[in-house]
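Trainee:
In the numbering used here, the protein residues as written are 149 to 271.
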């Protein structure tokens, strides 16, 4: 029987995987397929998988589905297979959007996503 999952991987959350294809040793896809995906499969977790195609991909995800979900109060977990630059992009983009949204609508509900960084920029 598999070990119980932490709360940030519960089925009630929207779970996303970001595979940063150009980060560090460029091993994110291989890590996902060989290690992370089998673990998620064992627990029946079907994440939404995003593969970066440019330096702006993570920022675009933050401005799109991640911020929309957060503004609707949807709990999200982002499994980030990237270097620290991907984490900086998420934090900076969501922080600036949150600041902007608060100015526009004080009643907005914004639930910060939980971010799990798999640092794949080291050799």
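We treat Cβ as the ideally placed atom computed from N, Cα and C, and that holds for glycine.
Where residue 190 and residue 239 are concerned, what is the direct C-alpha to C-alpha distance, given to the nearest angstrom?
Mentor: Numbered from 1 along the chain shown, position 42 holds the residue referred to as residue 190. Numbered from 1 along the chain shown, position 91 holds the residue referred to as residue 239. Looking at the two C-alpha atoms, the distance is approximately 30 Å.
Trainee: Measure the Cβ-Cβ separation of residue 168 and residue 230 and say whether it is below 8 Å.
Mentor: Mapped onto the chain shown, residue 168 falls at position 20. Mapped onto the chain shown, residue 230 falls at position 82. Result yes, Cβ atoms of residue 168 and residue 230 sit closer than 8 Å.
Trainee: Below 8 Å between beta carbons: does that hold for residue 217 and residue 158?
Mentor: Stepping through the chain shown from its first residue, residue 217 is reached at position 69. Stepping through the chain shown from its first residue, residue 158 is reached at position 10. No. Outside cutoff.
Trainee: Drop a sphere of 10 angstroms on the beta-carbon of residue 160, count the other beta-carbons inside from all chains shown, and report buried for 16 or more, exposed for fewer.
Mentor: In the chain shown, residue 160 corresponds to position 12, counting from 1. Answer is exposed; the Cβ neighbour count stays below 16.
Trainee: Which of the three DSSP states, helix, strand or coil, is assigned to residue 247?
Mentor: As a position in the chain shown, residue 247 is number 99, starting the count at 1. Residue state, collapsed to three classes: helix.
Trainee: Near residue 165, which residues of its chain fall below 6 Å by C-beta distance, leaving aside the five closest residues on each side in sequence?
Mentor: Stepping through the chain shown from its first residue, residue 165 is reached at position 17. Around residue 165: 195, 197 and 227.
Trainee: Counting C-beta neighbours from all protein chains within 10 Å, is the total for residue 261 16 or more, i.e. buried, or is it exposed?
Mentor: Numbered from its first residue, the chain shown carries residue 261 at position 113. It is buried - the Cβ of residue 261 has at least 16 other Cβ atoms within 10 Å.
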